[in-house]
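Single-structure report; data block below.
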Amino acid sequence: MTHLRATAPGSPEGESGAVSDTSEPAALLQRCGRGDEAAFAALYDATSPRVFGLVLRVVRDRNQAEEVTQEVFLEVWRHSARYDAARGSAISWLLTIAHRRAVDRVRSAEASTARDTTYHQQTQVPDHDSTAEAAHASLEAHRVRQAVQSLTEVQREALELAYFSGYTHTEVAALLDLPLGTAKTRIRDGLIRLRDTMGVGQ
Amino acid sequence: MSESHNDAIHALSGAYAVDALHDEERQAFEQHLQRCAECQEEVTSLREAAALLALPEEVPPPAGLRDAVLAAAAQVRPLPPEVDQPAPRAETRPTPESATVVPFRRRLQTLGSRSRLALVAAAAVVVTAAGVGITQPWEPDTATYTATERVLEAPDAASVSQSFPDGSSATVTRSPSQGKAVLETHDMDQPPSGHVFQLWLMDDEGTARPAGTMGSGGDHEMVLDGDAAEATAVGITVEPEGGSEQPTTEPIAMFDLGEAPA
Ligand SMILES: [Zn+2]
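Going down the list, the sequences are from chains A and B. All residue numbers in the first sequence are consecutive under our numbering, ending with 202. All residue numbers in the second sequence are consecutive under our numbering, ending with 1262.
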C-alpha cells in the first residue's frame, strides 16, 4: 500500500514502511501517543498548512478556521495513540478529522442562523490567489489538479461541492439538478477515479 | 441496516468518506461498516483520495496558532491506546507544563477566587477547547467504553485545563450529550488531614450542587456525580471529611465551561 506524504515533494522518499522514517507523520503520531510534545510540534509543522488550508476552504472565515484547526490538532494529539497505520496514512487520518470538524462547523452555523448563501458567497470566499500561490510550489499538487481535471464535469462538481463546500449528497443532487440518489454515486465514482489515477490507497 | 449486503448501502462509501451523508444515513452506514470489510477497505482508500484534494489548498496558518496549539496540548494527556485489557494509563501521561500559557482567542472569565492552598495559587490558567470526535467508526461500540471514556470520547466533549505552579494540573471534560463531566488530576497535593476535595457543579445562577469528593491527591480520573449538561462551571473546594451540602470554603480551583464549544 502506498502512503501519502505529508511532507512536500523533494523531501527524502523512502518507499516501504510507514513508520520507518522518524520524521514521517505516522512515526510522529506514534511518538505523540507517548506524550512526546516535540513530535507533536514536528507533526504540526509538517501538516498544519494542509489542515489549515482545507479547513479555511470549508469554513471560509479565517478566525473560525483558526479555531477549528486548533480543535483538530488537539483531537489529533489526544487520539494519537489510537491511530492505526493499517487503516490508512497519517495525513489522511488527520484530514479526515479536520474535514469532519470543518463540515460540522459549517452545518451548525447554518442551523443556528438563517441560511443565507448569498452573504456567504459574497463576503467569505477565501483569497484564491494566495492559496493558488502556495499550491504552485508543489509538483504533487500539480498532479492532483491534473487528476481532478480528468474527472467528468459532474464527478468533479459533485466531489467539490461535497468536500469543499460541505454539502450533503442530496444537497449536491439539488444543486446540480441530478436525479435524487445519483450524487452519491458521482462522488464515489470521482473518488475512485482520483484514487486510481494517483495510485493511492490500495 | 443489519444484514444489508445490498448495493444500496455499499454505494454510500464515497459520500461517507467526504462527510456528505445525513445523520441517519451516516449512523446506518457506520453500523454496516463494522461488519463489512469490503467497505472498510474502500472507505480507507477513498479517504486517501479525498485527502489529495487538500494538497493544492495548503495555506500556512498564523504563527500564533502554533503556540496556542502546542501550549494547549501540553495540558492534555493523550488517551491510552486501545487494548483488550485496561490500559496502563500512568505510562502514557505526558508531564503537564506549569508555565503560564496564553489561551488563543478565548477569554477566560475567572469565577470565584482561588486562594491560600499552595496547591492552587492564582497563576496559570488555561482554557483549551479539546473536543473529541470518533474518527475510526468501526471501532468498538461506545457501550464497551468505561463511563469516563464515554465522556472523553463523546463528539461534543470539551475540556478546560488548569495547571499550577507546583506542577500539578487538572482537567475537566464535559459532554453535554452524555450529560456528564470528568475530572482528571495530575500530581495533586494531599488535602489537609481530616479533609477532602469536594467537586461542585455550578449553574448560571451561581448555585453549587455537590458532585463527589476525592479523599487524596495524586492522579485521579473520576466522573462527577449529577447531570453536567447545563453546568456552567466546575469548582473544587476543601471540605471536612464526608463532604458538605454547600461549599464552606473558597474554591481552590474553578473550571469555566461557558467558553467551551457546546
Ligand atoms: Zn459494505
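Yeah, the Cβ is synthetic: ideal placement off N, Cα and C, and Gly gets one too. Just so we're clear, the structure is a prediction, and the values are computed from it rather than from any experiment.
Inset, instruction - Return the residue from the list Pro1192(B), Ile1236(B), His1220(B), Gly1194(B) that minimises the CA-CA distance to Arg1335(B). - result: Limits of chain B in this structure are 1001 at one end and 1262 at the other, which puts residue 1335(B) out of reach.
Legend entry - Simplified DSSP assignment, three categories, for Gln70(A): Along the first sequence, one-based indexing puts residue 70(A) at 70. Helix, per DSSP.
Inset, instruction - Ignore the nearest five residues each way along the sequence and tell me which others in Val1043(B)'s own chain have a CB closer than 8 Å to its CB. - result: By 1-based counting over the second sequence, the position of residue 1043(B) is 43. The answer, listed in chain order, is Ser1013, Tyr1016, Ala1017, Leu1033.
Legend entry - is_contact[Gly199(A), chain B] using C-beta, thresh 8 Å: In the first sequence, the residue the question calls residue 199(A) occupies position 199. Judged by the 8 Å Cβ criterion, Gly199(A) is not in contact with chain B.
Inset, instruction - Measure the C-alpha to C-alpha separation of Ala1211(B) and Thr1148(B) and round it to an integer number of angstroms. - result: Translated into the one-based positions of the second sequence, residue 1211(B) becomes position 211. Translated into the one-based positions of the second sequence, residue 1148(B) becomes position 148. Going by the C-alpha atoms only, they are around 15 Å apart.
Inset, instruction - In the DSSP assignment, find the alpha helix (DSSP H) that holds His1010(B) and state where it starts and stops. - result: In the second sequence, residue 1010(B) corresponds to position 10, counting from 1. Unbroken alpha helix (DSSP H) run through His1010(B): 1007-1010.
Legend entry - Three CB pairs or more closer than 8 Å across the stretch 29-49 of chain A and the stretch 74-91 of chain A: yes
Legend entry - Per-residue burial, Val1234(B) [other beta carbons within 10 Å of its own, 16 or more giving buried]: By one-based count along the second sequence, residue 1234(B) stands at place 234. Under this definition Val1234(B) is a buried residue.
Legend entry - Cβ-Cβ distance between Pro1061(B) and Phe164(A) below 8 Å: As a position in the second sequence, residue 1061(B) is number 61, starting the count at 1. As a position in the first sequence, residue 164(A) is number 164, starting the count at 1. No, the pair does not count as a contact, with Cβ atoms beyond the cut-off.
Legend entry - Partners in chain B for Arg156(A), counting only beta-carbon separations shorter than 9 Å: Your numbering for residue 156(A) matches position 156 in the first sequence. Per Cβ cutoff of 9 Å: no residues; Arg156(A) is ~10 Å from chain B at best.
Inset, instruction - Consider the C-beta atom of Ile192(A) and the heavy atoms of ligand 1; say whether any pair is separated by less than 7 Å. - result: Position 192 of the first sequence, counting from 1, holds the residue named residue 192(A). No, the Cβ of Ile192(A) stays beyond 7 Å of every heavy atom of ligand 1.
Legend entry - DSSP three-state assignment for Val1196(B), whether helix, strand or coil: One-based indexing of the second sequence puts residue 1196(B) at position 196. Three-state DSSP puts Val1196(B) in a strand.
Inset, instruction - Look at the alpha carbon of Glu1025(B) and the alpha carbon of Ile1009(B), and state the distance between them as a whole number of angstroms. - result: Here residue 1025(B) refers to the residue found at position 25 of the second sequence. Here residue 1009(B) refers to the residue found at position 9 of the second sequence. Glu1025(B) and Ile1009(B): Cα-Cα distance of roughly 9 Å.
Inset, instruction - Give a yes or no on whether the minimum CB-CB distance between Gln149(A) and chain B is below 8 Å. - result: If you number the first sequence from 1, residue 149(A) lands on position 149. False, the Cβ-Cβ gap to chain B never drops below 8 Å.
Legend entry - Per DSSP, cross-strand counterpart(s) of Thr197(A): Position 197 of the first sequence, counted from the start, is the residue given in the question as residue 197(A). Its beta-bridge partners do not exist; DSSP assigns none.
Legend entry - Closer than 7 Å: Glu1038(B) CB and nearest ligand 1 heavy atom: One-based indexing of the second sequence puts residue 1038(B) at position 38. Within the cutoff, so yes.
Inset, instruction - Taking only heavy atoms of ligand 1 into account, decide whether any of them is closer than 7 Å to the Cβ of Ile1009(B). - result: By one-based count along the second sequence, residue 1009(B) stands at place 9. Indeed, a heavy atom of ligand 1 lies less than 7 Å from the Cβ.
Legend entry - Residue closest to Ser92(A), alpha-carbon to alpha-carbon, out of Pro1056(B), Leu1065(B), Ser1045(B): Taking the first sequence and counting its residues from 1, one reaches residue 92(A) at position 92. Answer by Cα proximity: Ser1045(B).
Legend entry - Ala1208(B) (DSSP reduced to helix, strand or coil): Counting from one through the second sequence, the residue named residue 1208(B) turns up at place 208. Three-state result, Ala1208(B): strand.
Inset, instruction - In the DSSP assignment, find the beta strand (DSSP E) that holds Thr1249(B) and state where it starts and stops. - result: Along the second sequence, read from residue 1 onward, the residue named residue 1249(B) stands at position 249. Where Thr1249(B) is concerned, there is no enclosing beta strand (DSSP E), given that its DSSP letter is neither H nor E.
Legend entry - CB of Phe1197(B) within 8 Å of CB of Met1214(B), strictly: Here residue 1197(B) corresponds to residue number 197 of the second sequence, with the count starting at 1. Here residue 1214(B) corresponds to residue number 214 of the second sequence, with the count starting at 1. Yes. Within cutoff.
Legend entry - Proximal residues, the stretch 1061-1088 of chain B versus chain A, C-beta separation under 9 Å: Pro1061, Pro1062, Gly1064, Leu1065, Arg1066, Ala1068, Val1069, Leu1070, Ala1072, Ala1073, Ala1074, Val1076, Arg1077, Pro1078, Leu1079, Pro1080, Pro1081, Glu1082, Ala1087
Legend entry - CB contact check: Pro25(A) to chain B, cutoff 8 Å: Along the first sequence, one-based indexing puts residue 25(A) at 25. Taking Cβ atoms only, chain B never reaches closer than 8 Å to Pro25(A), which makes this a no.
Inset, instruction - Give the DSSP-derived three-state secondary structure of Ser48(A) in the structure shown. - result: The sequence position of residue 48(A) within the first sequence is 48, counting from 1. DSSP places Ser48(A) in helix when its eight states are reduced to three.
Legend entry - Rounded straight-line distance, which links the Cα of Gln1178(B) to that of Ala1158(B): Within the second sequence, the letter at position 158 stands for residue 1158(B). Within the second sequence, the letter at position 178 stands for residue 1178(B). Rounded to the nearest angstrom, the two C-alpha atoms are 12 Å apart.
Legend entry - His1032(B) Cβ short of 7 Å to ligand 1 heavy atom set: Taking the second sequence and counting its residues from 1, the one referred to as residue 1032(B) is at position 32. Under cutoff, so the answer is yes.
Legend entry - Alpha-carbon spacing of Ser1244(B) relative to Glu1184(B), whole angstroms: Residue 1244(B) sits at position 244 when you count from the first residue of the second sequence. Residue 1184(B) sits at position 184 when you count from the first residue of the second sequence. Taking the straight line from one Cα to the other gives about 21 Å.
Inset, instruction - Verify the CB distance criterion: does Gln146(A) have a CB-CB separation below 8 Å to chain B? - result: Locating residue 146(A) in the first sequence gives position 146, where the first residue counts as 1. No, no contact with chain B.
Legend entry - Assigned exposure category for Asp1007(B) - 16 Cβ within 10 Å defines buried: Mapped onto the second sequence, residue 1007(B) falls at position 7. With fewer than 16 other Cβ atoms within 10 Å, it is exposed.
Inset, instruction - Assuming Leu1055(B) contacts Glu140(A) (C-beta within less than 8 Å), just tell me the rounded distance between them. - result: For the purposes of this step, residue 1055(B) is taken as the residue at position 55 of the second sequence. For the purposes of this step, residue 140(A) is taken as the residue at position 140 of the first sequence. Right, the Cβ-Cβ distance comes to about 6 Å (below 8 Å), so this counts as a contact.
Legend entry - Near-chain A residues of the stretch 1025-1050 of chain B - C-beta to any C-beta below 7 Å: Thr1044, Ser1045, Leu1046, Arg1047, Glu1048, Ala1049, Ala1050
Inset, instruction - Check the Cβ-Cβ distances between Glu1184(B) and every residue of chain A, and say whether any is below 8 Å. - result: Locating residue 1184(B) in the second sequence gives position 184, where the first residue counts as 1. So, not an interface residue.
Inset, instruction - For the beta strand (DSSP E) containing Pro1240(B), list its first residue and its last residue. - result: As a working note, residue 1240(B) is residue 240 in the second sequence. Taken as a continuous stretch (DSSP letters only), the beta strand (DSSP E) holding Pro1240(B) covers 1233-1240.
Legend entry - Exposure of Val1083(B), with buried meaning 16 or more beta-carbon neighbours within 10 Å: Reading the second sequence from its first residue, position 83 is the one you call residue 1083(B). Its Cβ having fewer than 16 others within 10 Å, Val1083(B) is exposed.
Inset, instruction - Find the residues of chain A that neighbour Arg1019(B), judging by a C-beta separation of less than 7 Å, and give them in chain order. - result: Mapped onto the second sequence, residue 1019(B) falls at position 19. Residue identity differs from the one stated: residue 1019(B) is Asp in this sequence, not Arg. Within chain A, the residues near Asp1019(B) are His99, Arg100, Val103.
Legend entry - Residue-level contact to chain A via CB, His1022(B), 8 Å cutoff: Counted from its first residue, the second sequence places residue 1022(B) at position 22. So yes, His1022(B) belongs to the interface.
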